[in-house]
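All remarks here apply to the structure that follows.
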């Protein structure tokens, strides 16, 4: 039972977004989301296509997490940020390879794939996009 | 061994975590004087995987860099093999995650995938398999990765060198390649120099077998047999890259085979990042390809404990200079660094356990 406290089906469903930044784009109003939504949150259209979102963006705002939810304790302190990708899509993501006091609004960041959560000794290891300051 | 159809390297990529720990700091943690070991190990600092990094995340970024240089869509890959001795799962193939993250095999994921284990030569063993598949015409493109977050027991001599990093190679037909793999050769025996039993966190090693009967015998045999097959000598190569468990052995084995230090140093990366195990020789090869010129020849010989060596004769082709700058180079990752102390290192390597940590493992 211990191995399954993280929902395995939810983990599996989220893989396209977490591994490949596959999001949704409304064919009617152009609004983009991550992950893709059944209904466009802006215009209500159900005419949504799956797209690969750009892997670079800028930090819009951020928060430092000192008291983490279950499964994230070992990673504290870590930074979660609202990131605006190059096409304007806004997503939430953890930042990595950066100290909390180095993060700035407007900081240019790029996607990497990292471990986010581990379900004990016997459960799944969840991986997801995170963003780091751009290398070049 | 030579394939029916000529094959080569279409693209290559590396990844090394940004964190480093100095050997002096590792020695300090155990009350030892690094100066007593420095000349024997010749590794001044090593890479440390971040708290959220493992073999899969390392393999992923190296593979993305290889795809950029190959100018290839991942959907065209029909084989993805990951060589490692630090699999994230004991049973669940790292390649399954890498295939899905890259989108290999197209939307139908029509590709083979497997993890290879052969201590430090698992990556070149993966490469041999892909060469065989492309060379026989079964597939057009395949990906071979060598990556590790190597384990060295706290206080053990291996702790000075066990590092993290990896390299990825896209192998394809010669006409799409920037470096041709003219031939390869493998040599394997049962040599008890190093092993890790099921459920053990750290490997065991036997000092008496480490040098001559294991590392030197297998590399020298594979290198000499391959050069004999090709009718070449050390003077015919511009670069030679050997497995790098420390900074000393590759220089010594290279000299023994007749290579001058100037041919060895461009591919000698371990002194700056430590031994990346399955990535070791392949990261060295990547550093050479980063600066190689058309017409140059490279000899690569890996070594894996247990024990065996894979040797490759590679000829650099036209077009390599066009792709060298398409992804970050090995030295870009080597120079991107930030030092951590022993406490942070122990935490990042999960050697310290929290009282209330549901993610501990």
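Protein chains in written order, with this note's numbering: chain U, 1 to 136; chain P, 137 to 497. Glycine is no exception: its CB is placed at the ideal position from the N, C-alpha and C atoms. On a predicted model such as this, the values are computed, not experimentally measured, just so you know.
Here residue 140 of chain P has 271, 272 and 273 as same chain residues with Cβ atoms under 8 angstroms from its own Cβ, once five neighbours each way along the sequence are excluded.
Residues of the stretch 153 to 168 of chain P with a C-beta atom less than 9 angstroms from some C-beta of chain U are 153, 154 and 155, listed in chain order.
When the alpha-carbon of residue 399 of chain P is set against those of P/435, P/406, P/419 and P/422, the nearest one is in P/435. If the five residues before and after residue 225 of chain P are omitted, its C-beta is found closer than 6 angstroms to no C-beta atom of its own chain. With the rule of 3 Cβ pairs closer than 8 angstroms, the stretch 93 to 103 of chain U counts as touching the stretch 70 to 84 of chain U.
In the displayed model, residue 395 of chain P falls within coil according to three-state DSSP, outside both helix and strand. A straight line joining the alpha-carbon of residue 354 of chain P with that of residue 230 of chain P spans about 28 angstroms. Under the 7 angstroms criterion on CB atoms, residue 196 of chain P is classed as interfacial with respect to chain U. Counting of Cβ neighbours within 10 angstroms places residue 151 of chain P among the buried residues, the total reaching 16 or more. Any Cβ of chain U closer than 7 angstroms to the Cβ of residue 409 of chain P would place that residue at the interface, and such an atom is absent. Within chain P, no residue has its CB atom less than 7 angstroms from the CB of residue 62 of chain U, the nearest being about 17 angstroms off. Residue 284 of chain P is bridged by DSSP to P/301. Residues 385 and 439 of the same chain have their beta carbon placed closer than 6 angstroms to that of residue 351 of chain P, with the five preceding and five following residues left out of the count. Between residue 236 of chain P and residue 127 of chain U, the gap from beta carbon to beta carbon reaches 7 angstroms or more. The residues 387, 390 and 391, in chain order, have a CB closer than 8 angstroms to that of residue 397 of chain P in the same chain once the five nearest residues on each side in sequence are set aside. Counting only Cβ-Cβ distances below 8 angstroms, residue 114 of chain U has contacts in chain P at 186, 188, 189 and 193, in chain order. In its chain, beyond the 5 residues on either side, 356, 359 and 370 have a beta carbon closer than 7 angstroms to the beta carbon of residue 393 of chain P.
Of all residues in the stretch 73 to 88 of chain U, those with a C-beta nearer than 8 angstroms to a C-beta of chain P are 73, 74 and 75, reading in chain order.
Counting along the chain, residue 191 of chain P sits inside the alpha helix (DSSP H) bounded by residues 191 to 206.
Not a single CB atom of chain U sits nearer than 7 angstroms to the CB of residue 286 of chain P. Secondary structure within the stretch 289 to 368 of chain P: the alpha helix (DSSP H) runs of 4 or more consecutive residues, fully enclosed, are 353 to 366 (chain order). A residue is called buried once 16 or more other Cβ atoms fall within 10 Å of its Cβ, and residue 469 of chain P is buried on that count. Taking residue 144 of chain P as reference, the option from P/324, P/361 and P/266 with the minimal CA-CA separation is P/266. DSSP assignment within the stretch 144 to 188 of chain P yields the following whole beta strand (DSSP E) runs of 3 residues or more, N-terminal first: 155 to 158 and 181 to 184. Assigned with DSSP and collapsed to three states, residue 237 of chain P falls in helix.
Our two residues, residue 227 of chain P and residue 29 of chain U, have alpha carbons roughly 45 angstroms apart in a direct line. Counting of Cβ neighbours within 10 angstroms places residue 221 of chain P among the buried residues, the total reaching 16 or more. Beta-bridge partners assigned by DSSP to residue 56 of chain U: U/110. Annotation for residue 132 of chain U: the continuous beta strand (DSSP E) segment containing it runs 125 to 133.
Less than 7 angstroms separates the beta-carbon of residue 286 of chain P from that of residue 298 of chain P.
Residue range 416 to 425 is occupied by the alpha helix (DSSP H) that includes residue 418 of chain P. Looking at P/322, P/413 and P/428, the one whose alpha-carbon comes closest to that of residue 465 of chain P is P/428.
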